[in-house]
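Under our numbering, think of the first position of the sequence shown as 362, with each following residue one higher. A short worksheet on the structure shown next.
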Amino acid sequence: MDLNVSNSILPMQTRQLVFGWIDYSIFIALLGISLLIGVYFGIYKKQNSTSEYLFGGKRMNYIAVATSILASLLSGITFLGIPTEVYLHGSQYFTVCISAFILGPIIAYIVIPHFNKLQISSSYEYLELRFTQSIRTLAASLYIISLFVYMPVVIYVPALAFSQVTGFSVHAITPIFSLVCITYTSMGGIKAVVWTDTIQFFFTIAGLSAVLIIGLISIGGVSELWRIADEGQRLQFFNMDPSPFKKNTFWVITVGMTVSMLSRFGLGQKFVQRFLAVKSQAEMKKAVLLTVTGWAMLQAASVFIGLLMYASYHNCDPLKAKLVNRIDQTLPYYVMDIGANLRGLPGIFLAGIVSSALSTMSASLNTLAGTIYKTYINRHIADDPKRDSKAANIMKVISVIAGLITIGAVFVIERLGTVFEMAISFSSVTEGALLGLFTVGMLCPWVGKKGAITGAYVSLVIMGWIVGSTQWYIMNKKIMSPSLPTSIDACPNSINETLAGMSSGTTTMPDRLSEEKEEEKAPMIIYHLAVLYYTLLGSLIVIVVSCVTSFVVGETDLSKVEPDHILPFMRRFLPRKRSYMEIPIKDIERETNYDAKH
362 MDLNVSNSIL
372 PMQTRQLVFG
382 WIDYSIFIAL
392 LGISLLIGVY
402 FGIYKKQNST
412 SEYLFGGKRM
422 NYIAVATSIL
432 ASLLSGITFL
442 GIPTEVYLHG
452 SQYFTVCISA
462 FILGPIIAYI
472 VIPHFNKLQI
482 SSSYEYLELR
492 FTQSIRTLAA
502 SLYIISLFVY
512 MPVVIYVPAL
522 AFSQVTGFSV
532 HAITPIFSLV
542 CITYTSMGGI
552 KAVVWTDTIQ
562 FFFTIAGLSA
572 VLIIGLISIG
582 GVSELWRIAD
592 EGQRLQFFNM
602 DPSPFKKNTF
612 WVITVGMTVS
622 MLSRFGLGQK
632 FVQRFLAVKS
642 QAEMKKAVLL
652 TVTGWAMLQA
662 ASVFIGLLMY
672 ASYHNCDPLK
682 AKLVNRIDQT
692 LPYYVMDIGA
702 NLRGLPGIFL
712 AGIVSSALST
722 MSASLNTLAG
732 TIYKTYINRH
742 IADDPKRDSK
752 AANIMKVISV
762 IAGLITIGAV
772 FVIERLGTVF
782 EMAISFSSVT
792 EGALLGLFTV
802 GMLCPWVGKK
812 GAITGAYVSL
822 VIMGWIVGST
832 QWYIMNKKIM
842 SPSLPTSIDA
852 CPNSINETLA
862 GMSSGTTTMP
872 DRLSEEKEEE
882 KAPMIIYHLA
892 VLYYTLLGSL
902 IVIVVSCVTS
912 FVVGETDLSK
922 VEPDHILPFM
932 RRFLPRKRSY
942 MEIPIKDIER
952 ETNYDAKH
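Laid out in structure tokens, this is it:
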């Protein structure tokens, strides 16, 4: 089989690209295996208690847990969003690997040991211990909202890819994916989530590896890839521009992703819950370090795929050539293109994208169920003698309801920006407030409950306004992210003639007046802030407002702050406890006997 193709454009672009029966078989096998695992743990290994449903009895293998977490981190947003970002903006995103190696030690040696020492089952229990139950409820509610916003994006991604290669409607595909995920998650609990994630992860790796290998062969090797990417200005690794309004610089990606992932991965209940399901703290640390290392490697692979896409389509951009409807469909199109003569490759790749999405959604549903139950329901059935068995059933029902809400929310997602920017933008509204609450809790002993809750609400209002307004401007084409140049010079003549006909004609006077009017109402500069800085900005607002508020109202008595609730290196700000001299028991007995005699 000859895999060598022209470096300018792949010849498959002139005809319809479709799935074959082998591709469908691979895809059906993935869904079938996931369902069987859910049925097994739901019927033969019943999850009849809260501990079993949420933590697997705290006996989970750390390698399986790390693989499950890695699969959840690598949603379809990673495999469609990142290559698309690289295709449009260059390889600067590669510096996210630096973030991974900053995050690992922070989470493994600071965050997880802190939670584990307090013997808590939820990261939000810490906020109740440190502040008050109302702040725990607020934080849990924010996390619930963030998951409800994030899950539709996650499930929309594979539906978009599947629609591109099969022709099925996104709205017809989304319910199928979601219902499979809802079924095995609600039946099997965390054990089903972990083991389906582990198996799905191998589908993901297989698809990613196949595309990398075949893509390199088709383009002519690494040297040819590097040459084309360099000529197209895609090789960018150290753009040190300090501007927070440039979306692809070293500082935006490194700092922004470190802060965002610390909130999501280090403090998010979806991941903390699975770390706490491991039996020992030493294995928790291993799970964290294994996860971040794998995450960095797969982020780098996604960047490489983005460069492969550009090398193949640098002279005939599929979006400009009307070969895809959205830029996010470029990667599925590319896979169908290079794998047109390789039976099973498109199926393996798409199964990988669907696997990563299902793993993320299943973990989110399981966490949602546990968080909603513990936050709003647990205290109302605390005296019920059958509470534990009822809890598992209640959480199963919550998983089903949350999944159905996710299906409905997909209809809104398709009208917004690229999947990568949507995911970061929406989640950052709540992630910034959550990171700020945990930061002031662990690092600022002088902040009390009034300061913390005030800071969180101010952050939510400001970030909600910024993100909501920015997305509105994007929907109305008033904010357009500038991308590096692409071309249609080498497209087939039939495509060029069609595009020329569509673009013919002159701009009328009303059009020009309309353009001038739009320029007068240009969005404020804050709406151009780099998306990856949203979480950082939100958390900084919480920290500043909470510190100022606590100082103004004078609410914090440092002597009442429990030292175990503060990180060790910040305990120096707490007043010293009164020290007592230790007296041996024998000396006390001798004193007592002496007093009795005299």
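Every residue, glycine too, gets a C-beta built ideally from N, C-alpha and C.
Check	Outcome
Euclidean distance between Cα positions of Phe-636 and Gly-829	33 Å
Proximal residues to Leu-623 (C-beta, below 7 Å), its chain only, five neighbours per side dropped	Leu-464, Ile-467, Leu-796
Whether Met-601 touches Phe-611 by CB criterion (7 Å)	yes
Coil, strand or helix - Gly-381 by DSSP	coil
Cβ neighbour criterion (16 or more within 10 Å) applied to Met-722	buried
Distance, Leu-919 Cα to Ile-1041 Cα	This structure gives no information on residue 1041, because the portion of the chain shown stretches from 362 to 959.
Ile-742 versus Ala-638: straight-line alpha-carbon distance, rounded	24 Å
Exposure of Trp-656, with buried meaning 16 or more beta-carbon neighbours within 10 Å	buried
Euclidean distance between Cα positions of Val-903 and Arg-497	15 Å
Phe-389, buried or exposed, once every other Cβ within 10 Å from all chains shown has been counted against 16	Sequence check: residue 389 is Ile here, not Phe. Per the 10 Å Cβ criterion, exposed.
Cβ-based burial, Gly-393 [other Cβ within 10 Å; buried from 16]	exposed
The region 671 to 680 touching the region 585 to 594, judged by at least three CB pairs closer than 8 Å	yes
Ser-717: first and last residue of the uninterrupted alpha helix (DSSP H) it sits in	706 to 733
Residue environment, Gly-381, which counts as buried when at least 16 other CB atoms sit within 10 Å	exposed
Nonlocal neighbours in the same chain, by C-beta distance under 7 Å from Gln-494, ignoring five residues either side	none
Inter-residue spacing [alpha-carbon to alpha-carbon] between Lys-681 and Ala-567	31 Å
Beta-carbon separation (whole angstroms), Val-457 vs Gln-660, contact threshold 8 Å	5 Å
Status (buried if at least 16 other CB within 10 Å, exposed otherwise) for Asn-754	exposed
Option in Ser-820, Leu-441, Asn-702, Asn-609 with minimal Cα separation from Ser-452	Asn-609
Of the listed residues Val-790, Lys-839, Leu-521, nearest to Met-885 (C-alpha basis)	Lys-839
Residue from Thr-557, Thr-728, Ile-575 with nearest C-alpha to Gln-634	Thr-728
Cβ-Cβ separation, Pro-707 to Gly-713 (assumed contact under 8 Å), whole Å	In fact, because the Cβ distance is near 11 Å, the residues do not count as touching under 8 Å.
Residue nearest to Thr-557 in terms of C-alpha spacing, selected from Leu-490, Ser-717, Leu-573	Ser-717
Alpha helix (DSSP H) runs wholly inside the region 451 to 487, at least 4 long, in chain order	457 to 467, 473 to 478
Rounded separation between Asn-739 and Ser-484 - CA only	16 Å
Where Leu-897 falls: helix, strand or coil (DSSP)	helix
Cβ-based neighbour list, Leu-488, same chain, cut-off 7 Å, excluding 5 preceding and 5 following	Ile-496, Arg-497, Ala-500, Leu-798, Gly-802
Length at least 4, wholly inside the region 568 to 601: the alpha helix (DSSP H) runs in chain order	583 to 592
Thr-791 versus Ser-907 - alpha carbon distance	16 Å
Alpha-carbon to alpha-carbon, Ile-827 and Leu-719	30 Å
Backbone CA spacing between Tyr-517 and Ser-460 [nearest angstrom]	27 Å
The alpha helix (DSSP H) enclosing Phe-611, as first and last residue numbers	611 to 622
Other residues of its chain near Val-819: CB distance less than 8 Å, five sequence neighbours each side excluded	Ile-902, Val-903, Val-906
Member of Ile-666, Thr-654, Tyr-511, Ser-539 whose CA lies at the smallest distance from the CA of Ile-574	Ile-666
Residue of Val-892, Ile-506, Pro-843 minimising C-alpha distance to Gln-630	Ile-506
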